[in-house]
Amino acid sequence: MSSSDIRVRIAPSPSGYLHVGTARTAIFNWLYARRFGGKFIVRIEDTDENRSDASLVKPILDALKWLGVDWDEGPYYQSERLENYKPYIAKLLDNGYAYRCFCTPEELEKERERAMAEKRAPKYNRKCLHRSGEEIAELLNKKTPFAIRLKIPEGVTSYDDIVIGTITRENCEIEDLVISRGDGSPVYNMAVVVDDYEMGITHVIRGNDHISNTFKQIHIYRALGITPPKFGHVPLILRPDKKKVSKRLGDKDVTEYGNEGILPEALFNFLCLLGWSPKDDREYLRREELIKIFVLENVNPANPIFNEEKLLALNKHYIKETPDYQLAEMVAPLYVAAGFTTKYWLETRWEYLLKIVSLLKERSRRLTDFISLGEYFFHSEFKYDAEAVKKEFTPESLKLLKSLCEEFENIDAFVKANLETALNQLAEELGIKKGLIIHPTRLAVSGITVGPGLYDLLETLGKNEVIKRLRRAIDYIQKAGG
Ligand code: GLU
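Quick note on numbering: the sequence shown equals residues 361 to 842 in the working numbering.
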């Protein structure tokens, strides 16, 4: 097989949104395909009607697209392939590797309870394997419903996992698994084998929670006389409390990260580093670079922990690296949605938006920080931070703000160098530290205590706005009895 014949897939079940675990598996598969010039396929595993929700398919596909994980084939839908599975199931019945099981759910449940009471692992007792031909014919004649089970041979089974190495299991640990339900529909393990075979999948890369399925699937492949693909089981992502990341525990789906201001390239980079590393100290790796250096064999089988702080640090880096004009495109709709401004206003003041973006990008860890840190760029009726007011809006600072306001009124070229000189001179004349003027001034013009360099901020707001805001603060302090 040449490397360009590599075919891998992601096979989400639409029983939930695209979870970070599945997204990371998709990324590993995608990188593997892209690295070797192979194909990446999307297959929707929706045969379990009770657990599948068709309305979740689009959000899953949209989330993959948002992450930049594009596919070469598909999406294929298992539910549209039900006819494809039948000949394989029939073949297994014909060649004696499978048998009909007429046991009722009640009988099976009783058997299970007995095993539990006797402290044995529940396992099908093979009652139907030993039925005579006549017995079977009679049951079929009476139209007794039946499932079909695969007969697991004796012995041990091993396979070489790309990530974990050789894994061996005693066959007796596996019961004769149902491959087809009473209504003739295939169960997950059967459908996956047929799909992976018919779709020419060469490498199955998926979460390590599927290892026990892999053994079952290997038995199905063997019974069908088909060579199984290669398997690589990647570690599961754990929460900081060591529990498996799951929707049930309130963990987020991929699009939620987008809504919270995470850039797709940051999440992509972060997820890649969960369980894999380039074996040097590089952390910021864009997808083009990852395609060149990602090695599936180097995935660490130990389950990694999802550290949101690290994701934010990566995101901050990517925000800083994003050109201002691109950030402006991303942030503009957020400002409109937050009600700070309108699309039209921004379109006519694009230079101003670029300036805001360039000032805030240094300290933003999420795109949404541009909202929490930037409201004052759009209107002057903001509230002052209450804690900061106590500290910065004192009778002393009232005098300082008044003096500074007078100084600023006399400046014609309202550029940062001139503003800095004016403020420095004032501090010098009064024989005080600059900070005593800087902090109340920042609070007066922005309402908060953090933000870009003060002089940049003042220049961007412009003379009229700065004077207006200084006067507003002076008024405020006076009214408060300062
Ligand atoms: N549909 C399975 C899941 O969502 C994936 C199975 C596989 O990759 O073989 O977990």
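The C-beta atom is built at its ideal place from N, Cα and C for all residues, glycine as well.
Asked	Found
Restricting to Cα atoms, I'd like to know which of THR754, ARG474, PRO505, THR701 is closest to HIS739.	THR701
What distance in whole Å lies between the Cβ atoms of PHE768 and ILE827, which are believed to be in contact at a cut-off of 8 Å?	6 Å
Can you look up THR385 in the DSSP assignment and give me helix, strand or coil?	helix
Beta-carbon within less than 7 Å of PRO482's beta-carbon, same chain only, minus the 5 sequence neighbours each way: which residues are those?	ARG472, ALA475, MET476
Name, in chain order, the residues that DSSP records as bridge partners for ILE370.	VAL402
May I ask whether a heavy atom of the ligand GLU can be found less than 7 Å away from the beta carbon of HIS570?	yes
Return the residue from the list ASP745, ARG460, ILE679 that minimises the CA-CA distance to LYS503.	ARG460
Please confirm whether PRO374 and ASP413 have their CB atoms less than 8 Å apart.	yes
Checking 8 Å against the spacing of the C-beta atoms, do ILE539 and LEU452 come in under that value?	yes
So PHE575 and ILE522 are in contact, right, with Cβ under 8 Å, and what is the actual spacing, rounded?	Contact doesn't hold; Cβ gap of about 16 Å is too wide.
Looking only at its chain, what residues have a beta carbon closer than 6 Å to the beta carbon of PRO372, apart from the 5 residues adjacent to it on each side?	THR382, ILE420
So LEU427 packs on PHE654, CB below 8 Å; how close in whole Å?	Actually they do not touch by this definition, with Cβ atoms about 15 Å apart.
Hey, which unbroken runs of the alpha helix (DSSP H) at 4 residues or more fall wholly within the stretch 742-800?	746-752, 755-769, 776-790
If you scan the stretch 678-755 from start to end, which runs of the alpha helix (DSSP H) of 4 or more residues do you find wholly inside it?	684-697, 703-708, 710-720, 729-732, 746-752
Since PHE591 sits in a beta bridge, which residues does DSSP pair it with?	ASP521, VAL564
Let me check understanding here. Comparing Cα to Cα, which of ARG582, ASP543, LYS604 lies closest to ASN568?	LYS604
Quick one: is the Cβ of PRO372 within less than 7 Å of any heavy atom of the ligand GLU?	yes
Helix, strand or coil, according to DSSP, for LEU814 in the structure here?	helix
Quick one: does ALA414 have its CB under 8 Å from some CB of chain B?	Here there is only one protein chain, and chain B is not present.
With C-beta atoms as the reference, is ILE651 less than 8 Å away from ARG395?	yes
Specify, as a first and last residue, the run of the beta strand (DSSP E) that CYS463 falls within.	Where CYS463 is concerned, there is no enclosing beta strand (DSSP E), given that its DSSP letter is neither H nor E.
At which residues does the alpha helix (DSSP H) containing GLU493 begin and terminate?	Here residue 493 is Gly; the residue named in the question, Glu, does not match the sequence. Here the alpha helix (DSSP H) through GLY493 covers 493-501.
With 16 as the cutoff for other CB atoms within 10 Å, does LEU687 come out buried or exposed?	buried
What are the partner residues of LYS604, as DSSP defines its beta bridges?	LEU598
Report buried or exposed for TRP710, applying the criterion of at least 16 other Cβ atoms within 10 angstroms of its Cβ.	exposed
Cα-Cα, which of ALA773, ILE834, ILE798 is closest to GLY822?	ALA773
Contact between the stretch 659-670 and the stretch 592-600 is defined here as three or more beta-carbon pairs at a separation below 8 Å; is this criterion met?	yes
What is the residue span of the beta strand (DSSP E) that VAL538 lies within?	538-540
Taking 8 Å as the limit between beta carbons, can you name the residues of its chain near LYS715, skipping five residues before and five after?	THR820
Is the closest heavy atom of the ligand GLU to the C-beta of LEU552 under 7 Å?	Checking the displayed sequence, the identity of residue 552 turns out to be Val instead of Leu. Checking the Cβ of VAL552 against the ligand GLU gives yes.
Helix, strand or coil for LEU510? Go by DSSP, reduced to three states.	strand
Does DSSP put ASP641 in a helix, in a strand, or in coil?	coil
Tell me whether GLY618 sits in a helix, a strand or coil according to DSSP, three-state version.	helix
In angstroms, rounded to a whole number, what distance separates the CA positions of LYS759 and GLY811?	24 Å
Give the straight-line distance between the Cα atoms of THR781 and PRO683, rounded to the nearest whole angstrom.	31 Å
According to DSSP, is ARG529 part of a helix, a strand, or is it coil?	strand
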